[in-house]
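Residue numbering for the sequence shown is 9 to 64, as defined by this note's numbering. Even for Gly, the Cβ is constructed at its ideal location relative to N, Cα and C. Computed from a predicted model, the values in this text were never measured in an experiment.
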Amino acid sequence: MTSFNEEDSSYLKYEKSSHDLKRPISDHLQYKAYMPEYLDKYDSYCSIHKILDSYR
């Protein structure tokens with residue numbers, strides 16, 4: 009696992025020792041089940057993307 013400083017602590021809830029490999033969404037029920045997780049993580053995904061993009 010990676011260590012984070014206090015500034016990055018908002019990402020700690022997403023830190024895992026192994027990846028959750030998800031299969032493609034195949035129907036509306038799977039979509040509805042996935043959306044709350046996606047919406048919960050969206051801001052962090054965007055923030056991480058901006059941080060990584062700044063290293064280019």
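Exercise for the section: Could you tell me the distance, in whole angstroms, from the CA atom of TYR42 to the CA atom of TYR19? Expected result: In the sequence shown, the residue the question calls residue 42 occupies position 34. In the sequence shown, the residue the question calls residue 19 occupies position 11. C-alpha separation (whole angstroms): 19 Å.
Practice task
Let me know the secondary structure DSSP gives MET9 once reduced to three states.
Solution key: For the purposes of this step, residue 9 is identified with residue 1 of the sequence shown, where counting begins at 1. Low per-residue confidence applies at MET9: pLDDT is 47, beneath 50, and the placement is therefore not dependable, though the value from the model is reported in the following sentence. Coil.
Handout entry: Contact under 8 Å by Cβ, TYR22 with LYS49
Key = As a first step, residue 22 is located in the sequence shown; it is residue number 14 there, counting from the start. As a first step, residue 49 is located in the sequence shown; it is residue number 41 there, counting from the start. Contact flag set, yes.
Problem - Residue closest to SER17, alpha-carbon to alpha-carbon, out of ILE56, LEU47, GLU45 - result: In the sequence shown, counting from the first residue as 1, residue 17 sits at position 9. Selected option, being the one with the closest Cα: ILE56.
Practice task
Measure the C-alpha to C-alpha separation of SER52 and GLN38 and round it to an integer number of angstroms.
Solution key: Numbered from its first residue, the sequence shown carries residue 52 at position 44. Numbered from its first residue, the sequence shown carries residue 38 at position 30. The alpha-carbon atoms of SER52 and GLN38 are separated by roughly 22 Å.
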